[in-house]
Amino acid sequence: MIENKKVHKFGMVVDLDKCTGCGACMVSCMSENNVPFKEDESNKKDSITWMRVYKLTNGKSFPETEIVYLPRPCQHCGGIGDHGHSPCVSVCPATATDYGYDTGIVSQIYTRCFGCRYCMGACPYHARYFNWWDPKWPKGMENYLSPNVSPRMRGVVEKCSFCYHRYQLAREQAMIEDREIEEMEYQTACTTACPAGAIVFGDLNNPAHKVHQIVKPDPHPDPMNHKVVGKSRNPKVFRLLERLGTNPKVYYMSDREWVRKAGDNYLKGEWENVKTHHGASSSHG
Amino acid sequence: MDDALIPEGAKRCAFPIFMIGIVIVGAVLLWGVYAMFLCWFKGLNQTNMNDYYGFALWIWADLAVIAVGGGAFFTGLLKYIFKVDELKNIINFAVIIGFICYSSALLILAIDIGQPLRGWFIFWHANVHSMLTEVAYCLSCYFAVLTIEFIPNILENRQANKVPFFHHLAHNMHEVMAVFAATGAFLSFFHQGSLGGVAGVMFGRPFAYREGLLIWPWTFFLFTWSAAAFGPCFTLLVTKITERITGKKLVGDKTINLLAKISGWMITTYIIAKIIDTIYWAFVTAPSMGFKLSHFYSNNGLYGYWMLITEVILCGVVPGLLLINKSTRENPTTRTIAIILGVIGVCLNRWVMVLQIMAVPVMSFDTWALYIPSWQEVATTILPVAYGIILIAVAYRYLPVFPQELELNESADAAAQNG
C-alpha cells in the first residue's frame, strides 16, 4: 500500500532487456496526457514526445551487433544531493516548474510558464518540450481528450508528469474511503500499456513496492560522488547521467554491460573502476 | 530645414541627405519589425529553434549587445566614481550606445518568450534561485538608470534647453549623476554576472557548468569582467565608425587612448582569468563528469578547437597586448584592429556560452544538434542594429553628444570656409 502520511518518492525502473521498442508507452502517454501532434511529424526535434524511445547500438558490426531500446520519460530529478533543486526547477525564473517534496515529482504549471525555455536548456535528457504551435487534433479526435489533463497552449513548455492526475484521483478516492492508496492504484499510463511488462512504477521509499525491491536505492550519498544519492544497490540497475548529480527517479536495468555503460560518460579506464560499485554499502571489485 | 534643432556651431549634412540615410536604414528596421510581429502573432514556430535548440540566434544577440553595452556602466563608473575626468568627452556617447544595447536586449527578450503577455510573471512569480530572475530585475532597473543618464543629454538639445525648466533639470541631473553611475555599476555587476550565471549553474550541461564562489559560478565573474573589458572596445569602435561616416574627428586622441589603455588592461587581466578558468574546467570539472575536452570540439561540422583558440588567443590575448602596449595603442591602425578583435572576441564568447551549450550532446547516445536560423530570426536580430543606427544618427544630428566636436574640427571648418 502507498502510505499517505509518509513522504513518497515515486519512480520507475525500465527493464531494457524486456523492452522491444514497440512504442506502446509513447502512444499511451500521448493519448493519456492530451499531447498534440503536428500534421508533419517528420522533424522529431520539434514534436512533443513526453515519453521518447531511443535506439542504442553497441557499435559492433554483424554478427555481434546488439540493439537496445531505451524509453525516456522526464527523469524527475532530485538535483544535487537529492534536495529537490532539479536542473530545471532551480533555473525556472517564474516558479512555473516545481519539485513536490511529498512525491518527488517535478511538476509543470502551464498557466504560469511564459515560455523562456531556460528549463529546456538546463535539462540534459531533452525531456522538456515547447509548444511551438497551437495544439490541434484532427476533427473528431477532440472527443477522445482526457478530461483529467489540461491541454497546453502555444508558447509554453510541457513534459511528463508521471501521470500526476492518476495520483490525484487515487489519493482522493483513498481519502474519501479513509484508507491508504494501493500500489497498483497509482500507475503511469506507460507502465500499464507496456505489453512486455518492462516498466515497473511505484514508491521508491516503500520497501513493499516492487520498484524499491528491484532498485534497492541507497539512501546515503555515494562515497565516490557525494552529489549522488539513491544509487541502486542492484548491480544491473543504473541511471542516466548519474555522475552529473541530477539524481533521477527513473532507473534502467540490463544484464548487458555495454548497455549499462551507455547510461553515462566515462573517461578511458574509468568504467572498469565503477562498474562494480553500487552505493555506499556495496563492496568494490 | 531643421537648422534650429542642430547644436549651435555644429555642421551637419543637408536634411534630405540625412533623410535618405534614415529611410534606407528604416527599411531594414521595418523588415525586422515585420518579422517581430510574425513571431508575436504566429508564435515561435516562425523560427528554426527546436526542442534541442531552445536558445538560438537572437539570444546570442541579446547577450552580445548586453556585453558590448557594458561600456556605458564601466565608463560611467570611471568618470563619476573614480573621477577620470578625461572620459567626459566620450561619456555621452557611451551612455547612448548603452541605452541602445539595453533597450534592444529587452526587446529581444520580449520577442523570445513564448507567451509575451505573461512576461511580467518573471517579476510576479519570481524564483529567487534562478539566475534569469536576477537578470530580469537588474536589466530592467539598469535600463531605467540608463534612461535617466540619457535624459540630460536630450534636454541639452538647442530648443529644449531654451525652456528654463529643462535647462535647470539637465544641469541638476548632471550634478547628481554620480549617484546613478554608482547605481548603474552595481546593477550591471549583477546582471552581467547573472547572465554568465545562467550558463554556469546548468549542472546538467557539462560544457556550461562551472564551479564557483558561494552561489555564483566562475562565469558570473567572468561575464562582468569581460563586459567591463570589451564594452569600452565597442564604444571606441562605434565612435570610430561615426567619425568615418561624418568625416569629423569627434573625440580627442587623448581620451581614445586613455579608454583603450584601460580596456587593454581589463582585457589582459580578464583573459588571464579566462585561461585559468578554461584550464580548470578542461582538466578538472569536465573530467569529473566523464567528459574529455575533445568531446566538446569534435565530431561536428562547426565547433572545433579553432573556436576556443580564436576566442581566447586571437580575440583575447592579442587585443589585450595590442592595447596595453603604448606604441600599438597609439597607432590608429593597430588600435582599430585591437578593438575590432576585442568586440569579436566577446561576441564569440557569448555565442559559445549560448549556442555551443545547446549543440553539445550530453547523453552518450545523443548526437550534436546544429541549427540554422530562419529569416525571421535573422531579421529580428538585425532589427536592433538598424534601430541603433537611426538613434545614433538622430542623437548626433540634434544633440550635443561630443563636447570636443567644435574644438577638434575648428581648423577644418575654417579651412573649408576660406577655401
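Chains as they are written, first to last, in our numbering: chain Z, 17 to 301; chain S, 38 to 456. Ideal placement from N, C-alpha and C gives every residue a C-beta, glycine not left out.
- prompt: How long is the line joining the alpha carbons of Asp118 of chain Z and Gly100 of chain Z, rounded to whole angstroms?
  reply: Translated into the one-based positions of the first sequence, residue 118 of chain Z becomes position 102. Translated into the one-based positions of the first sequence, residue 100 of chain Z becomes position 84. Their backbone Cα atoms lie some 11 Å apart in a straight line.
- request: Compare the C-beta of Asp31 of chain Z with all C-beta atoms of chain S and state if any pair is closer than 8 Å.
  value: Your numbering for residue 31 of chain Z matches position 15 in the first sequence. No, Asp31 of chain Z lies away from the interface with chain S (no Cβ there is under 8 Å from its Cβ).
- request: State the Cα-Cα distance for the pair Tyr246 of chain S and Trp68 of chain S, rounded to the nearest angstrom.
  value: Taking the second sequence and counting its residues from 1, one reaches residue 246 of chain S at position 209. Taking the second sequence and counting its residues from 1, one reaches residue 68 of chain S at position 31. Going from the Cα of Tyr246 of chain S to the Cα of Trp68 of chain S covers about 37 Å.
DSSP beta-bridge partners of Ile215 of chain Z: Translated into positions along the first sequence, residue 215 of chain Z becomes position 199. Note: Ile215 of chain Z sits in a beta bridge opposite Z:Val30.
query: Going along the chain, which residues of its own chain have a beta-carbon closer than 6 Å to the beta-carbon of Val383 of chain S, five neighbours each way excluded?
result: Here residue 383 of chain S corresponds to residue number 346 of the second sequence, with the count starting at 1. Cβ neighbours of Val383 of chain S beyond the five flanking positions: Ala104, Ser263 and Phe267.
- prompt: Quick one: what's Asp124 of chain Z bridged to in DSSP?
  reply: Here the question's residue 124 of chain Z lines up with position 108 in the first sequence. First, the residue type needs correcting, since residue 124 of chain Z is Gln and not Asp in the sequence shown. Note: Gln124 of chain Z sits in a beta bridge opposite Z:Thr113.
- request: Check whether the Cβ of Ser401 of chain S lies closer than 8 Å to any Cβ atom in chain Z.
  value: As a working note, residue 401 of chain S is residue 364 in the second sequence. Residue contact check for Ser401 of chain S against chain Z: a CB pair falls below 8 Å.
- prompt: Using a Cβ-Cβ distance under 8 Å, would Val415 of chain S count as near chain Z?
  reply: Working through the second sequence from its first residue, we reach residue 415 of chain S at position 378. Closer than 8 Å to the CB of Val415 of chain S there is not a single CB belonging to chain Z.
message: Ile215 of chain Z and Ser177 of chain Z - do their beta-carbons sit closer together than 8 Å?
response: Within the first sequence, residue 177 of chain Z is the residue found at index 161, counting from 1. Within the first sequence, residue 215 of chain Z is the residue found at index 199, counting from 1. Cβ distance not < 8 Å, so Ser177 of chain Z and Ile215 of chain Z don't count as in contact.
First through last residue of the alpha helix (DSSP H) which encompasses Arg88 of chain Z: For the purposes of this step, residue 88 of chain Z is taken as residue 72 along the first sequence, with counting starting at 1. Per DSSP, Arg88 of chain Z belongs to no alpha helix (DSSP H); it is in the beta strand (DSSP E), Ile83 to Arg88.
- prompt: Which runs of the alpha helix (DSSP H), 4 residues or longer, sit entirely within the region 319-399 of chain S?
  reply: Fully enclosed alpha helix (DSSP H) runs of 4 or longer: 342-346, 355-361, 363-367 and 369-388.
query: Which one of Z:Glu273, Z:Lys175 and Z:Gln203 has the shortest CA to CA distance from Leu185 of chain Z?
result: As a first step, residue 185 of chain Z must be located in the first sequence, where it is residue number 169. If you compare the alpha carbons of Z:Glu273, Z:Lys175 and Z:Gln203 with that of Leu185 of chain Z, the shortest gap goes to Z:Gln203.
- prompt: How many angstroms separate the CA atom of Leu81 of chain S from the CA atom of Tyr424 of chain S?
  reply: Within the second sequence, numbered from 1, the residue matching residue 81 of chain S stands at position 44. Within the second sequence, numbered from 1, the residue matching residue 424 of chain S stands at position 387. Straight-line spacing of the CA atoms in Leu81 of chain S and Tyr424 of chain S works out to 22 Å.
- request: Flag this pair as yes or no: are the beta carbons of Gly301 of chain S and Leu351 of chain S separated by less than 8 Å?
  value: In the second sequence, residue 301 of chain S corresponds to position 264, counting from 1. In the second sequence, residue 351 of chain S corresponds to position 314, counting from 1. No. Outside cutoff.
task: May I have a chain-ordered list of the alpha helix (DSSP H) segments no shorter than 4 residues that lie completely inside the region 38-77 of chain S?
output: The qualifying runs do not exist here; there are none.
- request: Find out if the Cβ-Cβ distance for the pair Val231 of chain Z, Val253 of chain Z is shorter than 8 Å.
  value: The residue you call residue 231 of chain Z lines up with position 215 of the first sequence. The residue you call residue 253 of chain Z lines up with position 237 of the first sequence. In this structure, Val253 of chain Z lies closer than 8 Å to Val231 of chain Z by Cβ.
query: Which partner residues of Leu72 of chain Z appear in the DSSP bridge assignment?
result: Taking the first sequence and counting its residues from 1, the one referred to as residue 72 of chain Z is at position 56. Z:Val84.
query: Is there at least one non-hydrogen atom of the ligand SAM closer than 7 Å to the beta-carbon of Leu283 of chain Z?
result: Within the structure as shown, the ligand SAM is missing, as the structure has no ligands at all.
message: Beta carbons nearer than 7 Å to chain S: which residues of the region 163-182 of chain Z have them?
response: Of all residues in the region 163-182 of chain Z, those with a C-beta nearer than 7 Å to a C-beta of chain S are Arg170, Gly171 and Val172, reading in chain order.
message: On the DSSP bridge list, what partners appear for Glu248 of chain S?
response: Stepping through the second sequence from its first residue, residue 248 of chain S is reached at position 211. Glu248 of chain S pairs with nothing; no bridge assigned.
query: Can the beta-carbon of Ser106 of chain Z be found closer than 8 Å to that of Ser231 of chain S?
result: Start at 1 with the first residue of the first sequence, and residue 106 of chain Z comes out as number 90. Start at 1 with the first residue of the second sequence, and residue 231 of chain S comes out as number 194. No.
query: In chain Z, which residues lie less than 7 Å from Tyr329 of chain S when you measure between Cβ atoms?
result: Taking the second sequence and counting its residues from 1, one reaches residue 329 of chain S at position 292. It is worth fixing the name first, because residue 329 of chain S is Lys in this sequence and not Tyr. Ordered by position in chain Z, the residues that pass the 7 Å Cβ test against Lys329 of chain S are Leu283.
task: Measure the C-alpha to C-alpha separation of Glu248 of chain S and Phe258 of chain S and round it to an integer number of angstroms.
output: The sequence position of residue 248 of chain S within the second sequence is 211, counting from 1. The sequence position of residue 258 of chain S within the second sequence is 221, counting from 1. Cα-Cα distance, rounded: 12 Å.
task: Compute the distance between the beta-carbons of Gly39 of chain Z and Leu220 of chain Z, then report whether it is under 8 Å.
output: Here residue 39 of chain Z refers to the residue found at position 23 of the first sequence. Here residue 220 of chain Z refers to the residue found at position 204 of the first sequence. Going by C-beta atoms, Gly39 of chain Z is not nearer than 8 Å to Leu220 of chain Z.
- prompt: Roughly how many angstroms separate the alpha carbons of Thr220 of chain S and Val182 of chain S, rounded to a whole number?
  reply: For the purposes of this step, residue 220 of chain S is taken as the residue at position 183 of the second sequence. For the purposes of this step, residue 182 of chain S is taken as the residue at position 145 of the second sequence. As the crow flies, the alpha-carbon of Thr220 of chain S is around 8 Å from that of Val182 of chain S.
- request: Consult DSSP for Trp253 of chain S and reduce its assignment to one of helix, strand or coil.
  value: Position 216 of the second sequence, counting from 1, holds the residue named residue 253 of chain S. Correct three-state label for Trp253 of chain S: strand.
query: Helix, strand or coil: which one does DSSP assign to Lys175 of chain Z?
result: Taking the first sequence and counting its residues from 1, the one referred to as residue 175 of chain Z is at position 159. The answer is coil: DSSP assigns Lys175 of chain Z none of H, G, I, E or B.
query: List, in order along the chain, the chain Z residues whose C-beta lies closer than 8 Å to that of Leu81 of chain S?
result: The count along the second sequence starts at 1 and reaches residue 81 of chain S at position 44. Chain order gives the chain Z residues near Leu81 of chain S as Gly131, Phe146, Trp148 and Gly171, where near means a beta carbon separation below 8 Å.
- prompt: In chain order, what residues of the same chain have a beta carbon less than 7 Å from the beta carbon of Phe130 of chain Z, not counting five sequence neighbours either side?
  reply: Within the first sequence, the letter at position 114 stands for residue 130 of chain Z. Excluding residues within five positions, the ones whose Cβ falls inside 7 Å are Ala110.
query: Can you list the residues of chain S that Gly286 of chain Z reaches, using a CB-CB cut of under 8 Å?
result: Reading the first sequence from its first residue, position 270 is the one you call residue 286 of chain Z. Per the sequence shown, residue 286 of chain Z should be read as Glu rather than Gly. Result: Gly327.
query: Hey, is the region 57-73 of chain S in contact with the region 432-452 of chain S, meaning 3+ C-beta pairs nearer than 8 Å?
result: Cβ pair count under 8 Å is below three, so no.
field: Beta-ladder partner(s) of Tyr307 of chain S, from DSSP
entry: In the second sequence, counting from the first residue as 1, residue 307 of chain S sits at position 270. Paired residues: none, contrary to the question.
message: Using beta carbons (cut-off 8 Å, strictly below), is Pro140 of chain Z in contact with chain S?
response: In the first sequence, residue 140 of chain Z corresponds to position 124, counting from 1. Contact with chain S is found for Pro140 of chain Z, since one of that chain's Cβ atoms lies less than 8 Å from the residue's Cβ.
message: What does the alpha-carbon distance come out to for the pair Val349 of chain S and Lys311 of chain S?
response: Position 312 of the second sequence, counting from 1, holds the residue named residue 349 of chain S. Position 274 of the second sequence, counting from 1, holds the residue named residue 311 of chain S. One C-alpha to the other measures close to 8 Å.
- prompt: Which residues, in chain order, does the region 67-96 of chain Z contribute to contact with chain S at a C-beta distance below 9 Å?
  reply: Of all residues in the region 67-96 of chain Z, the ones placed with a Cβ closer than 9 Å to any Cβ belonging to chain S are Tyr70, Lys71, Leu72, Thr73, Leu86, Arg88, Cys93, Gly95 and Ile96, in chain order.
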